[in-house]
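In my numbering, the protein residues as written are 19 to 197.
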């Protein structure tokens with residue numbers, strides 16, 4: 019009985035295992051699922067909005083800052099219900115907790131919520147954005163066009179360098195065969 023109490027204290031959101039993996043509080047799993055789904059849906063919808071080249075409210079150079087701010091707002095607002103948001107971070111930490119504290123550290127049904135909810139929520143956000151929020155008749159903004167042009171120029175420069183290198187290696191290979 020004493021060991022069971024210590025194990026429960028270790029494998030909890032406030033215990034040492036909570037440093038590596040997310041564990042639910044006393045909130046019902048249906049509310050945790052709803053919270054996780056909404057947060058992942060909102061982040062997916064905001065990503066599509068930020069990455070849209072026709073968005074006149076953000077420039078492509080501000081996207082990393084706004085994504086960081088987006089994550090900060092979602093975490094600050096919804097973390098009391100334990101929000102994972104990143105299946106890769108949750109899975110790796112959970113595997114480490116299982117290696118240290120055993121299979122009880124896996125987390126049960128909650129681990130499936132943290133690992134699998136992001137995929138359908140993001141797909142639903144993508145569907146909603148592409149069907150209802152995108153206007154393909156809008157003009158691409160100047161900053162997005164400039165960034166796309168620079169990307170094409172860099173790609174052309176890279177392709178030219180790679181063709182030159184491959185031609186040089188063919189020439190050097192043919193000269194070594196001749197000798």
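All C-beta atoms in this analysis are idealised placements derived from N, C-alpha and C, irrespective of residue type, glycine included.
Small disclaimer: the values here were computed from a predicted structure and weren't measured.
Check                                                                                                                                                                   : Outcome
Which residues bound the alpha helix (DSSP H) around residue 90?                                                                                                        : 81-96
Taking the alpha-carbon positions, what's the residue 121 to residue 112 distance?                                                                                      : 10 Å
Report yes or no: do the region 135-155 and the region 48-59 share at least 3 C-beta pairs separated by less than 8 Å?                                                  : yes
Can the beta-carbon of residue 35 be found closer than 7 Å to that of residue 123?                                                                                      : yes
Grab me the residues of residue 88's own chain with a C-beta within less than 7 Å of its C-beta, minus the 5 sequence neighbours each way, in chain order.              : 61, 64
Is it buried or exposed, residue 32, if we count other Cβ atoms within 10 angstroms and call 16 or more buried?                                                         : exposed
How many Å lie between residue 42 and residue 96 at the Cα?                                                                                                             : 13 Å
Distance check for residue 140 and residue 161, CA to CA, integer angstroms please.                                                                                     : 27 Å
In chain order, what residues of the same chain have a beta carbon less than 6 Å from the beta carbon of residue 66, not counting five sequence neighbours either side? : 147
Let's see if you can read the secondary structure: which residues bound the alpha helix (DSSP H) around residue 58?                                                     : 47-69
Using three-state DSSP, classify residue 181 as helix, strand or coil.                                                                                                  : helix
Do residue 47 and residue 100 have their beta-carbon atoms positioned less than 7 Å apart in this structure?                                                            : no
Does the Cβ of residue 38 have 16 or more other Cβ atoms within 10 Å, making it buried, or fewer, making it exposed?                                                    : buried
Can you tell me whether residue 153 is buried or exposed? The criterion is at least 16 other CB atoms within 10 Å of its CB, across all chains shown.                   : exposed
Check whether the Cβ atoms of residue 45 and residue 131 lie closer than 7 Å to each other.                                                                             : no
Mapping the DSSP letters down to three states, classify residue 27 as helix, strand or coil.                                                                            : helix
For residue 53 and residue 40, I'd like the C-alpha separation in whole angstroms.                                                                                      : 14 Å
In terms of residues, what are the limits of the alpha helix (DSSP H) holding residue 105?                                                                              : 105-119
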